[in-house]
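Residue 154 in our numbering sits at position 55 of the sequence shown, with consecutive numbering throughout. Here a beta-carbon is modelled for each residue, glycine too, at the ideal position from N, C-alpha and C. Note that the coordinates shown come from a computational prediction; the quantities given were computed from them, not determined experimentally. Read through the structure below, which is laid out as structure tokens, and then see the notes.
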Amino acid sequence: MIDRRVCPPGLSALRLSRRAGAASLGLLAATALIPAALAQDQSTPTAAHAKTSGAAKRKKAAVTPQSPDMERIEVRAGIRSADGVTNTTPGGGLLPPETAAKSQQSVTRDFIAKQAPTSNALSLIQYIPGVTLSNGDAFGQSDQGGFYMRGLSQTSVGYTFEGLPAADPGSYAPFTSSAVDTENVSKITVQQGVSDITSPVYNSVAGAVQEFMSDPLDHFGGHFDGSYGNHQLAREFLRLDSGLIGHSGIKAFASYSYGTNAQWLGPGRDRRSHVDSEIMKEWGDGNSAKVFLTYTQQSFPFLMSVPKATFDKYGRSAAYYDPTYTLERLH
């Protein structure tokens, strides 16, 4: 807009400047309002479209019946084997995640199946923090050795098998090699500290060890393995599962093993015959009852502890059964 009135040059320039500034402000305001209006106009149809689409989808889902021929596909990362290995436990079965409201660590079937079949329960948990083990032999068939938990000896550790006290009632020694074969162990749990108030042991000052046997399989089958090694080691194991018997919900298994090896210190042999069996009945939602039986016939010479100097001098002949054994040889 141009002012044609006669006025001093300075004043005319001032008015033009003010009006030009007003025009600029108006142009900026108009520029700011246009995008807002466009955004408002565009958002309304989009929301309406979204509401319409959601309603249409709900209506379509409500009126469309599920096809009876629809195929269901399940993808699993692990395959369960005949010996109970699932290959799905985190950590390979050693120290898996625990959900119980207590301080405990466990080893499961995924880890146990990777160990030597001659191992006993104590040798299977020796990798758990706070547990120390020194075996009397390299095969696990002898219970002679040293077991410590939290710095306390094995006489201060409670040991249960399937919830029953399994340690020697006089010496509290856990004769784990006579409880169950390694192939039939499903889980071993270690509780360091105060054990459960319902635990049937009264010497669990350092903690408790709980061992559980695997249940019979739902299908008929069998499992066989053999172990052979130095010191004339030979061991065979056979297990048979009946599977579910008809529609009764009853299933059972029985196993037998025999192992023998020569003593690594002095003459003599370890021999062990063992039988495990279980009958289980399942009904309803997670209900079950079972009866199990374990039997062991075992003989092994007691290993004599000798000083290192004596062992260096006489080697593997420094033992009770050496024909030239005398007390003076130990000094």
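By the Cβ-count criterion, residue 169 is exposed, with fewer than 16 other Cβ atoms from all chains shown falling within 10 Å of its own Cβ. Assigned with DSSP and collapsed to three states, residue 350 falls in strand. Less than 8 Å divides the Cβ of residue 338 from the Cβ of residue 282. Residue range 368-382 is occupied by the beta strand (DSSP E) that includes residue 369. Counting only residues of its own chain and dropping the five nearest sequence neighbours on each side, residue 376 has a CB closer than 6 Å to the CB of 353, 392. Note on geometry: alpha-carbon atoms of residue 257 and residue 408 lie some 36 Å from one another. Residue pairing by DSSP places residue 294 opposite no residue, since no beta bridge is assigned to it.
Judged by DSSP in its simplified three-state form, residue 393 adopts strand. Considering only 193, 207, 418, 198, the residue with the shortest C-alpha distance to residue 226 is 193. When secondary structure is reduced to three states using DSSP, residue 338 falls in the strand class.
Under the three-state reduction of DSSP output, residue 223 falls in the helix class. A direct Cα-Cα distance of roughly 14 Å separates residue 304 from residue 266.
Measuring C-alpha to C-alpha distances from residue 350 to each of 319, 329, 295, 366 identifies 319 as the nearest. Close CB contacts of residue 234 within its chain, under the 7 Å cut and outside five residues either way in sequence, are with 222, 244 (chain order). Nearest to residue 336 by C-alpha distance, out of 388, 293, 279, is 279. Here residue 205 has 194, 195, 197, 286, 287, 288, 289 as same chain residues with Cβ atoms under 8 Å from its own Cβ, once five neighbours each way along the sequence are excluded.
Taken atom to atom, the span from the alpha-carbon of residue 302 to that of residue 308 is near 12 Å. According to DSSP, residue 324 shares a beta bridge with 336. In the structure shown, the three-state DSSP call for residue 237 is coil. Excluding sequence positions up to five before and after residue 395, its CB lies within less than 6 Å of the CB of 277, 373, all in the same chain and listed in chain order.
Of 211, 362, 203, the smallest CA-CA separation from residue 403 is found for 362. The Cβ atoms of residue 397 and residue 360 lie no closer than 8 Å to each other. Secondary structure at residue 283: helix, using DSSP grouped into helix, strand and coil.
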